[in-house]
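Asks: Take this structure first; my questions come after.
Protein chains in written order, with my numbering: chain X, 835 to 1038; chain R, 835 to 1038; chain D, 5 to 276.
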């Protein structure tokens, strides 16, 4: 039970502000021993409203809460940023495929791209903290799947995967089908078996 | 001249938040080319008022501006978490020597263990409440002695320190078993007994 | 799914001449990517693209690449072979007596390929859109100087009596081994035995050129009381005897298992 709402809001605000990384409601609960998750969530929403339209905003990236500067100030802030080395096209595409098709196996990624995934690609994405291995798919060979992380959401300022640009359109156009292309046409046959899928089989 | 006061406040807020160190008004002026120092100072005061009574406050330390968590919350933010930890082997042995040989000086402990005792070891044992400093030994240098506490007795379920099993008890309990390597030497049964026990007798 | 008209920085400029396409050959991410680029070149919606025309363009492209002796990866050739097959299927109407019941029709295969192209294009497009989103550290910023939440970990030390006792046992055990001084054993070394054997063999009576046979055990000192010394003497004597036999200085004989071992000195010209 929240005894003093105003004090709880202040503490929550200070906590998220002081933390050196985004906090989950579970983390916050340690500071509020007698408050349940729903109440903290309620407080967070109030706090987010308080910052609405300010230069700092409270953001929720997949359940991880943090303060960020408002994105529309980007240009004016014009902070000097060390430019990260740009991701390769292969890495960008792989990231997009993982984000939009997750959970997705390496073989599926290769199938969608029509090319084998270089060793470094998933490494780089994992190292950047944007993707991580998910559960194994319960199919023969139990291949590992890849999923995006909260760090990915946080980096691109997304609240959840459903906020990915154009995801609804892609879905309704049937383009978020991870199956090999042939399986998406009514009669399944032996299309690409020789080329594209060989690469993938050898990987698993 | 400030054209849009609200936007300027937002920018200022974001700027101070994102800066990696407190900012002076002079630093901020780079972002506001047509605004004079007094006006920025005016904005800062407004911003400070906005945060009055919140969990985050805007503070001015000798002309250096930064956001800080409200000082009255610092105690609540600092949390103690109790974690079960196992004592290191060095700490365990030191504890045992203090229990068996008390009052015992640090030099004596080191002599018995045959290795130097790190500073942290006695600190940890003191923190655990199992040992405490005793009287100083009336020998040159007046070294501090260490003794076990009543907390030690109660934690380990002992009535008194004399309840600790003696060397013979430990031996019969198998706690003084020799290294297996010795037993592989032929005739060790007869040949090694005197040697081995000599050493250990001299300890008591 | 439209084209990239609104994104001029797309990785491959549109409407490249075939030669320009060839120049970029190595930058294609596989045959599907190349096909996609060729498809974009048709400047029509992918949904309306002519797979047949596309297959021809691709085959043409590969031919040109071959003429230029460009290194062509195997999967490009596999795709070329497959597209040639697809082309034939699309051109030749399927006959009824075709045993291709389990095979897909040319149209179905073309549809699958079109789907794959559309899907890849969609992914390439959203990859760009994704990186156009505001990014942390570029367009939005976290707090510059975070002070970190101060969580003090106060340990509850865990130990039970057994830990204390076994720790003490470990110390006692260490001291035992530290203070242990090995006893000095009375043993006969091989060197000692060798010397003794040589010396005594020289004093044996002669029988012809060689000495008489003598029991090896008779060379051991008579006054041995220590069992270990006796055993070590016997072992060293035997080893020495074997060494001498190897050098041709002595003969050794044993009449049966566990029977006494006899030894005699051989007289050799080169001796003494």
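Where a beta carbon is used, it is the ideal one built from N, C-alpha and C, also for glycine.
My output table needs one value for residue 982 (chain R): the three-state DSSP class, helix, strand or coil.
Replies: Strand, per DSSP.
Asks: Whose C-beta lies closer than 8 Å to the C-beta of residue 209 (chain D) among residues of the same chain, with five residues either side of it excluded?
Replies: Closer than 8 Å at the Cβ level, and outside the excluded window around residue 209 (chain D), lie 215, 216.
Asks: Write down every uninterrupted run of the beta strand (DSSP E) in the segment 929-1004 of chain R whose length is 3 residues or greater and which is fully enclosed by it, in chain order.
Replies: Here the runs fully enclosed are 965-970, 978-982.
Asks: Curious, which full-length alpha helix (DSSP H) runs of at least 4 residues does the segment 155-223 of chain D contain?
Replies: You should have 165-183, 194-206.
Asks: DSSP three-state call for residue 920 (chain R): helix, strand or coil?
Replies: Reduced to three states, the DSSP call for residue 920 (chain R) is strand.
Asks: Judging by CA-CA distance, which residue of D:270, D:123, D:176, D:232 is the nearest neighbour of residue 213 (chain D)?
Replies: With distances taken between Cα atoms, residue 213 (chain D) lies closest to D:270.
Asks: Just by C-beta distance, which residues in the segment 839-870 of chain R are closer than 9 Å to chain X?
Replies: Here the close residues are 840, 841, 843, 844, 845, 846, 847, 848, 849, 850, 851, 852, 853, 865.
Asks: Would a C-beta distance cut-off of 8 Å place residue 134 (chain D) and residue 933 (chain X) closer than the cut-off?
Replies: Going by C-beta atoms, residue 134 (chain D) is nearer than 8 Å to residue 933 (chain X).
Asks: Closest to residue 999 (chain X) by CA distance: which of D:168, D:137, D:149 is it?
Replies: The shortest C-alpha separation from residue 999 (chain X) is found at D:137.
Asks: Would you mind working out which of X:959, X:848, X:892 sits nearest residue 888 (chain R), comparing C-alpha positions?
Replies: Residue X:848 is the option with its Cα nearest to residue 888 (chain R).
Asks: Since residue 140 (chain D) meets chain X, which of its residues come closer than 8 Å, beta carbon to beta carbon?
Replies: Within chain X, the residues near residue 140 (chain D) are 902, 988, 989, 990, 991.
Asks: For the beta strand (DSSP E) holding residue 900 (chain R), just list the boundary residues, first then last.
Replies: First-last of the beta strand (DSSP E) with residue 900 (chain R): 898-903.
Asks: Short check: CB of residue 963 (chain X) to CB of residue 980 (chain X), under 8 Å?
Replies: No, Cβ-Cβ distance for residue 963 (chain X) and residue 980 (chain X) is not below 8 Å.
Asks: Output, in sequence order along the chain, the residues in the segment 946-972 of chain R whose CB is closer than 9 Å to any CB in chain D.
Replies: Answer set for the segment 946-972 of chain R: 946, 947, 948, 958, 959, 961, 962, 963, 964.
Asks: If we define contact as Cβ-Cβ less than 8 Å, is residue 933 (chain R) a contact residue for chain D?
Replies: Yes - at least one Cβ of chain D is within 8 Å of the one on residue 933 (chain R).
Asks: Are the CB atoms of residue 903 (chain R) and residue 1040 (chain X) within a distance shorter than 8 Å?
Replies: Residue 1040 (chain X) is absent from the model: chain X starts at 835 and stops at 1038.
Asks: Going along chain X in order, which residues have a C-beta closer than 8 Å to the C-beta of residue 907 (chain R)?
Replies: 844, 845, 848, listed in chain order.
Asks: Can you tell me the Cβ-Cβ gap for residue 223 (chain D) and residue 200 (chain D), rounded? I've got them flagged as a contact below 8 Å.
Replies: About 7 Å; that satisfies the 8 Å criterion.
Asks: Report the neighbours of residue 96 (chain D) on chain X: residues whose CB is nearer than 7 Å to its CB, in chain order.
Replies: None at all; the shortest Cβ gap to chain X is about 17 Å.
Asks: Express the C-alpha separation of residue 1017 (chain X) and residue 57 (chain D) in angstroms, rounding to a whole number.
Replies: The alpha-carbon atoms of residue 57 (chain D) and residue 1017 (chain X) are separated by roughly 23 Å.
Asks: Do residue 842 (chain X) and residue 896 (chain X) have their C-beta atoms closer together than 8 Å?
Replies: Cβ atoms of residue 842 (chain X) and residue 896 (chain X): not closer than 8 Å.
Asks: According to the neighbour-count rule (16 or more other Cβ atoms, all chains shown, within 10 Å of its Cβ), is residue 858 (chain X) buried or exposed?
Replies: Looking at its Cβ environment, which holds fewer than 16 other Cβ atoms inside 10 Å, residue 858 (chain X) is exposed.
Asks: For residue 1018 (chain X), report the span of its alpha helix (DSSP H) as first-last.
Replies: Counting along the chain, residue 1018 (chain X) falls outside any alpha helix (DSSP H), and DSSP gives it neither H nor E.
Asks: Would you say residue 943 (chain X) reaches chain R, if we count a Cβ-Cβ gap shorter than 8 Å as a contact?
Replies: Cβ-Cβ to chain R under 8 Å: no for residue 943 (chain X).
Asks: List, in chain order, every chain X residue whose beta-carbon is nearer than 8 Å to that of residue 134 (chain D).
Replies: The answer, in chain order, is 926, 929, 930, 933, 990, 998, 999.
Asks: Which residue comes first and which comes last in the alpha helix (DSSP H) that contains residue 64 (chain D)?
Replies: Looking at the DSSP string, the run of the alpha helix (DSSP H) that includes residue 64 (chain D) is 55-71.
Asks: Return yes when the C-beta of residue 887 (chain R) is under 7 Å from any heavy atom of the ligand ADP, and no when it is not.
Replies: Absence of the ligand ADP from the depicted structure is noted, as is the absence of any ligand whatsoever, leaving it without description.
Asks: Within 8 Å (strictly less), CB to CB, does residue 919 (chain R) reach chain D?
Replies: Yes - at least one Cβ of chain D is within 8 Å of the one on residue 919 (chain R).
Asks: Work out the CA separation of residue 31 (chain D) and residue 920 (chain X) for me, nearest whole Å.
Replies: Near 16 Å, if we compare the C-alpha coordinates of residue 31 (chain D) and residue 920 (chain X).
Asks: Looking at the strands, I want to know which residues DSSP matches up with residue 1054 (chain X).
Replies: The question about residue 1054 (chain X) has no answer here: the residues shown for chain X are numbered 835 through 1038.
Asks: Would the beta-carbon of residue 266 (chain D) fall within 8 Å of that of residue 219 (chain D)?
Replies: Contact flag set, yes.
Asks: Mind checking whether residue 793 (chain R) and residue 126 (chain D) have CB atoms under 8 Å apart?
Replies: With chain R covering 835 to 1038 only, the question about residue 793 (chain R) has no answer from this structure.
Asks: Please identify the residue among D:50, D:238, D:44 whose C-alpha is closest to the C-alpha of residue 264 (chain D).
Replies: It is D:238 whose Cα lies nearest to the Cα of residue 264 (chain D).
Asks: Helix, strand or coil, according to DSSP, for residue 267 (chain D) in the structure here?
Replies: Correct three-state label for residue 267 (chain D): strand.
Asks: Flag this pair as yes or no: are the beta carbons of residue 952 (chain X) and residue 37 (chain D) separated by less than 8 Å?
Replies: Result no, Cβ atoms of residue 952 (chain X) and residue 37 (chain D) do not sit closer than 8 Å.
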